[in-house]
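For the sequence shown, the working numbering assigns the number 189 to the initial residue and increments by one for each residue that follows.
Glycine is no exception: its CB is placed at the ideal position from the N, C-alpha and C atoms.
This one's a predicted model, so the numbers in the text were calculated from it and none came from an experiment.
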Amino acid sequence: QPQKEPELPLFFGWLLLPEVQERIKCYTMDFLKTLDTLEAFKKHLSDFTGEAEKTLDLEQYFEAKGPLHCTAKYCDYGKAEGAKEYAEEQVVKESYGGQTELSVTALFVTPRTFGARVALTEEQLKLWPTGGDTECLPPTLTGVDALPVGSRAHVTLGCSASVEPVQTGFDLLEILLLKQGGQEGTTEEEMELGTLSYLGQGRWYLALREAVTADATFSSYSD
Ligand code: 2AM
């Protein structure tokens, strides 16, 4: 009888502690409520709705997807490339189950996704897979190699109907490329939480004045 291979999870990542999930949900929902009411946002409402609709409830627009977390390595139960190798890395084994603090530095909204940008520490970057930023990118997303390692790190807060959470990382990278390319927001607005930029096509980016910290456990998740 051959030895059964240990099962691989859907993903490895930093899972926010339950009480932290509640706090982050409240905080980010408050931001959506505020964004909804801004004149600047209303001006570009048709990015999100048909031309005919005049109002939008952003809180309803995005659906939450599973527990709040920052994906480190998507494994798809072993079907994703490099999943087994990642699971066998010494640093992954040693860090497994350990608690750490994630630093959320920005929030972003697009017609597809709502996410929180995570700035990984040097320690946390050791768990970021090689090529993690460029994995499975749509061909239209070019130049990602030029961004700092770990640029894709984020927490998906919600997705619009029929959008998969993998999109959140793509949206973040696209925004960062636009910002790097010098397309600072066409509209910039100071909010209590930080500076809000509009980057066209329904892309909004709020750079937080102060990073929000979130305690998380490095672990794995399977449906
Ligand atoms: P997310 O990290 O943007 O939220 C289960 O689907 C989880 O794995 C989700 O959290 C999802 O996106 C992430 N995920 C799905 N497919 C992925 C891929 N190809 N690369 C990286 N992360 C992926």
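Can you round the beta-carbon distance between residue i and residue j to whole angstroms, since I take them to be within the 8 Å contact cut?
i: GLN216; j: ALA304; result: Note that residue 216 is Thr in the sequence shown here, rather than Gln. About 7 Å; that satisfies the 8 Å criterion.
i: LEU361; j: LEU335; result: 7 Å
i: GLY266; j: LEU196; result: 4 Å
Check whether the Cβ atoms of residue i and residue j lie closer than 9 Å to each other.
i: GLU251; j: CYS347; result: yes
i: TYR409; j: PHE199; result: yes
i: PRO299; j: GLY238; result: no
i: VAL306; j: ASP321; result: no
i: LEU226; j: LEU384; result: yes
i: PRO353; j: THR405; result: no
i: SER283; j: LEU315; result: yes
i: LEU345; j: LYS213; result: yes
i: LEU325; j: TRP202; result: no
i: GLN312; j: THR288; result: yes
i: GLY331; j: GLY270; result: no
Provide the residue span of the beta strand (DSSP E) that contains residue i, from first to last.
i: LEU365; result: Looking at the DSSP string, LEU365 is not in any beta strand (DSSP E); the run it does join, the alpha helix (DSSP H), is 354 to 368.
i: ALA395; result: 392 to 409
i: SER385; result: 382 to 386
i: GLY346; result: 342 to 347
Apart from the five residues just before and just after residue i, which ones in its own chain have a Cβ nearer than 6 Å to its Cβ?
i: LEU205; result: ASP403
i: LYS261; result: PHE200, TYR274 and PRO317
With a threshold of 7 Å on Cβ separation, who are the neighbours of residue i within its own chain once the five nearest residues in sequence on each side are excluded?
i: GLY357; result: ARG340 and HIS342
i: LEU223; result: PHE229, LEU246, VAL297 and TRP392
i: ALA268; result: TYR262
i: GLY382; result: LEU394, ALA395, LEU396 and ARG397
i: VAL400; result: TYR215 and VAL292
Could you spell out where the alpha helix (DSSP H) holding residue i opens and where it closes?
i: GLU310; result: 310 to 313
Jot down the residue ranges of each uninterrupted beta strand (DSSP E) in the region 192 to 243, minimum 3 residues, whole runs only, in chain order. 199 to 204
Segments of 3+ residues assigned as beta strand (DSSP E) that fall wholly inside the region 247 to 287: 257 to 262
List in chain order: all unbroken beta strand (DSSP E) runs of 3+ residues lying wholly within the region 291 to 335. 301 to 307
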